[in-house]
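Undergrad:
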């Protein structure tokens, strides 16, 4: 569960979270690292997407994962097979990661590894289509996943996640022949909430649609690195 | 989102919620109505299960639905086709129904209908596998749904929902041939969290497994009515 007000300290926890998220982002920028926050309902396929992405991009990018789960290190253990730093955070009864938890994960990354060698940190959030969208953690972009098994109306019924997302993966499209579902209607519902979000229909099982996602990730990292270099040049010029 | 502490009033909202849930339950008892709280991830099939259940039991039970959604009345409109009272509650940014919202729904039921004529009220919660399990609304039993598309490990990773459930429906079992999933392993994971929970594997699409669920619902209502009569007899005796 989560609080938005701390009665003892008398502070608005959402505002405090936002401030800390901004500090996290500044720290990622200092490291020269791009950060993506992955969010979805339980079982939409965040971990398997990360497995495929770590495998596909291992030659091109240095990656790490901050892995959030209420309990267990089941997902963290799956991802450690890919020879990348994986920091596991158990949120206990909390239904989302917050900026403080991710700051703790970043501290562990800094302690045990050399973060300046990294290009990209994935944050895998707790499986929940509602609350994680409210709590920034310091990411540069938000990636939402929606399994097509969840139904066509979900973007209308859970609007915040879809409004906040910079990129949306429609997952498990290999199951489309066995579902009474219209992919175009899902996409229409998404566009109703967020006309500009980038949408990738994918199947981690068959590999369909994954290449454009990999390229999008690489492009975001390259753009960030370029803009960081640009900023450094600007500083020299001025 | 939800708060657990109210800074202005200085009260623990979870305790306040529990007190109000107890009042709701007492009111349901006064009406002679049994209440089931349906909870799951988004898209696990709560609404279609209700559609099938309202259709199957319409000759035997007088039913109503209190329907919770963040936004829209899409689900409420689907259920109104079944000629039962449906009270729609929009929770806004809140990720779960609480006892106060359900008290409002009960008030609407009382205002527009004759609740003493009812046998059974279903509460359909917001789609979320985490937060609704923490907030009682006055139900007599909690029903959790888990779609087999969500994966085998979910009961281990989201333990509270599975520990709290009195009854669990494993939904979408018609998709089992197309998934790399072991139903026995899901059931083992559930049993690890809750050894005694009643489990019904079902498919709303094919109808498989629904009859035992309908019978379970009828039995709960009959047991409640019998125990209410017993209590009334006890009162006369004493």
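Chains as they are written, first to last, in our numbering: chain A, 689 to 926; chain B, 689 to 926.
Every residue, glycine too, gets a C-beta built ideally from N, C-alpha and C.
All values reported here derive from a predicted model rather than from experimental measurement.
Counting only beta-carbon atoms, is residue 729 of chain A nearer than 8 Å to chain B?
TA: yes
Undergrad: Of all the residues that make up the stretch 813-847 of chain B, which are near chain A by a beta-carbon distance shorter than 8 Å?
TA: If you check each beta-carbon in the stretch 813-847 of chain B against every beta-carbon of chain A, the ones closer than 8 Å belong to 814, 815, 816, 817, 818, 819, 822, 835, 837, 838, 839, 841, 842, 844, 845, 846 and 847.
Undergrad: From the DSSP secondary-structure annotation, give me the bridge partner or partners of residue 835 of chain A.
TA: A:859
Undergrad: According to DSSP, is residue 722 of chain B part of a helix, a strand, or is it coil?
TA: strand
Undergrad: Buried or exposed: where does residue 860 of chain B fall if 16 or more other Cβ atoms within 10 Å of its Cβ makes it buried?
TA: buried
Undergrad: Please report the distance separating the alpha-carbon of residue 708 of chain A from that of residue 787 of chain A.
TA: One Cα belongs to residue 708 of chain A, the other to residue 787 of chain A, and the distance between them is close to 6 Å.
Undergrad: Is residue 911 of chain B buried or exposed, if buried means 16 or more other CB atoms sit within 10 Å of its CB?
TA: exposed
Undergrad: Under 8 Å by Cβ, that's how I've got residue 796 of chain B and residue 837 of chain A pegged, so tell me the actual separation to the nearest angstrom.
TA: In fact, because the Cβ distance is near 33 Å, the residues do not count as touching under 8 Å.
Undergrad: Decide if the stretch 708-722 of chain B is in contact with the stretch 821-828 of chain B; the criterion is three or more beta carbon pairs, one per stretch, under 8 Å apart.
TA: yes
Undergrad: Using a C-beta cutoff of 8 Å, does residue 723 of chain A count as contacting chain B?
TA: no
Undergrad: With a threshold of 8 Å between beta carbons, is residue 768 of chain B in contact with chain A?
TA: Not one chain A Cβ lies under 8 Å of residue 768 of chain B.
Undergrad: Could you list the residues in the stretch 737-765 of chain B with a C-beta less than 7 Å from some C-beta on chain A, going in chain order?
TA: 757, 758, 759, 760 and 762
Undergrad: Would you list, in chain order, the members of the stretch 851-865 of chain A that have their beta-carbon closer than 9 Å to a beta-carbon of chain B?
TA: 860, 862, 863 and 865
Undergrad: Pairs of beta-carbons, one from the stretch 845-854 of chain B and one from the stretch 737-747 of chain B, closer than 8 Å: are there three or more?
TA: No, the stretch 845-854 of chain B is not in contact with the stretch 737-747 of chain B.
Undergrad: Roughly how many angstroms lie between the CA atoms of residue 801 of chain B and residue 775 of chain B, to the nearest whole one?
TA: 11 Å
Undergrad: Output the distance between the C-alpha atoms of residue 768 of chain A and residue 820 of chain B, rounded to the nearest integer angstrom.
TA: Take the alpha-carbon of residue 768 of chain A and the one of residue 820 of chain B: they are about 32 Å apart.
Undergrad: Helix, strand or coil, according to DSSP, for residue 895 of chain A in the structure here?
TA: coil
Undergrad: The beta strand (DSSP E) with residue 756 of chain B in it runs from where to where?
TA: 751-757
Undergrad: Within 10 angstroms of its Cβ, does residue 757 of chain B collect 16 or more other Cβ (buried), or is it exposed?
TA: Under a 10 Å Cβ-count criterion, residue 757 of chain B is classified as buried, with 16 or more other Cβ atoms of the shown protein chains found around its own Cβ.
Undergrad: Hey, is residue 741 of chain A close to the ligand SAM, as in C-beta under 7 Å from one of its heavy atoms?
TA: This structure simply doesn't include the ligand SAM, nor any ligand for that matter.
Undergrad: Taking Cβ positions only, does residue 886 of chain A come closer than 8 Å to chain B?
TA: Chain B contact via Cβ: absent.
Undergrad: Straight-line CA distance for residue 755 of chain A to residue 882 of chain A?
TA: 27 Å
Undergrad: Given residue 689 of chain B, which residues of its chain have a CB within under 7 Å of its CB, disregarding the five upstream and five downstream residues?
TA: Because the pLDDT of residue 689 of chain B is 48, which lies under 50, any placement of that residue in the model is unreliable, and the number read from its coordinates should be weighed accordingly. 781, 782 and 783.
Undergrad: Just grab the DSSP bridge partners of residue 808 of chain B for me.
TA: B:722 and B:751
Undergrad: Identify the residues that DSSP records as bridge partners of residue 774 of chain B: which are they?
TA: B:753
Undergrad: Would you mind telling me which residues of chain B sit closer than 7 Å to residue 781 of chain A, beta carbon to beta carbon, in chain order?
TA: Listed by position along chain B, the residues whose Cβ is nearer than 7 Å to that of residue 781 of chain A are 848.
Undergrad: Check residue 874 of chain A in the structure and name its three-state DSSP category.
TA: In this structure, residue 874 of chain A counts as helix in the three-state DSSP scheme.
Undergrad: Counting along the chain, where does the beta strand (DSSP E) carrying residue 865 of chain A start and finish?
TA: In this chain, residue 865 of chain A is not harboured by any beta strand (DSSP E), its DSSP state being neither H nor E.
Undergrad: Buried or exposed, going by whether 16 or more other CB atoms sit within 10 Å of the CB of residue 771 of chain B?
TA: Looking at its Cβ environment, which holds fewer than 16 other Cβ atoms inside 10 Å, residue 771 of chain B is exposed.
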